[in-house]
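Positions 8 to 342 (my numbering) are the ones given, in order, by the sequence shown. Note that CB positions come from ideal geometry on N, CA and C, so glycine has one too. Here is the structure we will look at, set down as structure tokens.
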Amino acid sequence: MRARPVAGTVAISLCIAAQAPIYANELVKPVSITARPIANFLIGSDQQKFGPLTFLGGLEMESREQHFGAISGVDFSGEAIWLVTDTGFWLQGSLNRNENGAPEAITATSIGEITAKGGARFSNKWEADAEGIAIAQDGTVVISFERDHRIAQYQWDGANLRFVEDEQPPVPLYELRQNRGFEGVAVAPENFAYPQAIVGLSEKSLDKQRNIMGFVNPPGPSNAFEFSLLRTDNFDVTDIAFLPTGDLLVLERRFNLSQGIAMRIRQIDGDQLTERSTVDGKTLLEADMSYQIDNMEGLAITPLGDDQVRLTLVSDDNKSLLQRNLLLEFALDLN
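In structure tokens, the structure reads:
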């Protein structure tokens, strides 16, 4: 088991951990994941309440499978958990919880390459850099890619993800930074002004006011439009997910050599997401390296009842021995 990293080692590993992709000989195969439970979010403390969030538990995940890791997105479809990696792979399995609802294991897991039209395999990292995943009500799996900026739709056939179609984000591609494209993608709920719209936020592609570019793409013939997220305190976007109310949660990360790494979750009023708007929201959680965090990149929201949801966060270890693959879960009261 790896030793828990300190802020300095994480900072160094984030700077040097760019890896060339290694692709599996098999398109889909089983994978075994081992997990160490995380009982406390604040290191050295049994505190469970953090503002409006209650920590439910977490996992530190490892696998002997060479393509496990670099997790950049997470979502759920029924009881199944879905993960994507920025090295071009998907994982699907079951997240088991104990009698208190805390995650304790990931089982029945398979891993496969994300493919292009006709099942063609990507040959370059820049083509396969998956950053976000969202699953629509009809089961469509939406994956966002940066570098080769696009939003792709897939269908699950019971054994593999099958490519359906590709489309470019409805923003001028020349305005998107090569490695700062659409990190977050979400499918809007019925309580949003544009139900089932595909919504995206870039990591750090900035508008003329130096705020983070995003888009809303409604289904059907409706016109897509752009909006921006106010960028504050040097945080960059890593994922987004909708609450059932229609509000948008934004997961953000800050990294620098002097402070190490930090994460933040902001709640954006869904009614603010209008054409050419610049939106901001309240901070639900902010945590630095005194908490059980790493390079937090994925966010999913699932209902726990009429007035509560579960937040699931995952981290990207950048294929570095100095970082960890974490899964953290919180409960959020909607009232």
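8 Å Cβ cutoff met for residue i and residue j
i, j, result
"L168", "L339", "no"
"V91", "I150", "yes"
"Q274", "L256", "yes"
"F249", "S284", "no"
"I140", "M68", "no"
"I88", "S101", "yes"
"G288", "D278", "no"
Terminal residues of the beta strand (DSSP E) in which residue i lies
i, result
"K36", "V35 to P37"
"S297", "No beta strand (DSSP E) contains S297, which DSSP labels as neither H nor E."
"F199", "Counting along the chain, F199 falls outside any beta strand (DSSP E), and DSSP gives it neither H nor E."
"L341", "That residue, L341, is in no beta strand (DSSP E); it is neither H nor E in DSSP."
"T309", "M303 to G312"
"F83", "I78 to S84"
"L329", "L329 -> no beta strand (DSSP E), and no H or E assigned at all."
"P110", "P110 to E120"
"Q429", "Nothing can be reported for residue 429, as the shown portion of the chain is limited to 8 through 342."
When the options are compared against residue i, the one with the closest alpha-carbon
i, options, result
"T94", "T41, I78 and A109", "I78"
"V192", "V148, R271 and Q216", "V148"
"D240", "K326, G253 and I268", "I268"
"I40", "E72, I50, R317 and F57", "E72"
"L291", "F57, A200, A195 and A166", "F57"
"E304", "Q99, N325, L63 and Q266", "N325"
"L334", "N302, L311, S229 and Q216", "N302"
"N47", "A231, D243 and E336", "E336"
"L341", "D254, L63, Y201 and R283", "D254"
"A166", "R157, R128 and V35", "V35"
"G125", "D173, R238, N105 and W89", "D173"
"V286", "K132, I219 and P44", "I219"
"D164", "G65, Y298, M270 and Q99", "Q99"
"A204", "T245, F62 and V223", "V223"
"I308", "T319, Y298 and E69", "T319"
"F232", "E282, R260 and F62", "E282"
Cα-Cα separation, residue i to residue j
i, j, result
"N263", "I272", "18 Å"
"D323", "E138", "10 Å"
"E293", "F170", "37 Å"
"A123", "F189", "18 Å"
"P110", "V316", "15 Å"
"S327", "G76", "9 Å"
"Q55", "P177", "41 Å"
"P228", "Y201", "12 Å"
"P28", "D136", "For P28, the predicted structure reports a pLDDT of 38, less than 50, and the residue's modelled location is therefore unreliable. A value from the coordinates is still provided. Cα to Cα, the separation comes out at about 10 Å."
"F199", "I158", "20 Å"
"S209", "D243", "9 Å"
"D295", "S52", "15 Å"
"N230", "P196", "18 Å"
I'd like to know if the stretch 138-147 and the stretch 109-122 are in contact, where contact means that at least 3 CB-CB pairs between them fall below 8 Å. They do not touch, by the three-pair rule.
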